[in-house]
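Numbering (UniProt numbering), first residue to last: 1 to 64. Quick notes on the structure that follows.
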Amino acid sequence: MFHVRLHHNSQIVVGFRSFNMRRNRIRVLLGDRVKIQISEFDSQRGKISYRFPQDRKKKDKFFD
1 MFHVRLHHNS
11 QIVVGFRSFN
21 MRRNRIRVLL
31 GDRVKIQISE
41 FDSQRGKISY
51 RFPQDRKKKD
61 KFFD
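The structure is reproduced here in structure tokens:
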């Protein structure tokens, strides 16, 4: 279970990894950009369907 902040309105939504992300052991880390599918019945919950690739070298420069 993850707390995801939406980009367009800064609303915080509870996100769960999709079955394919769990099956393929795709991890979601703090600061990752993800695609989330919001439930039409409960706007506070959603399914994380994709994690956008990031350049990890930029994060390393931040911590140096």
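Beta carbons: idealized from backbone N, C-alpha and C, even for Gly.
Original post:
Can you name, in chain order, every residue of its own chain whose Cβ lies under 8 Å from the Cβ of Q11, other than the five neighbours on each side?
Top reply: R5
**OP:** Could you tell me which uninterrupted alpha helix (DSSP H) segments, each at least 4 residues in length, are contained entirely in the stretch 2–59, listed from first to last along the chain?
**Re:** 19–23
Subject >> Own chain, CB closer than 7 Å to N24, minus 5 neighbours either side, in chain order >> reply: none
**OP:** Use the C-beta contact count for R33: other C-beta atoms within 10 angstroms, 16 or more gives buried, fewer gives exposed.
**Re:** exposed
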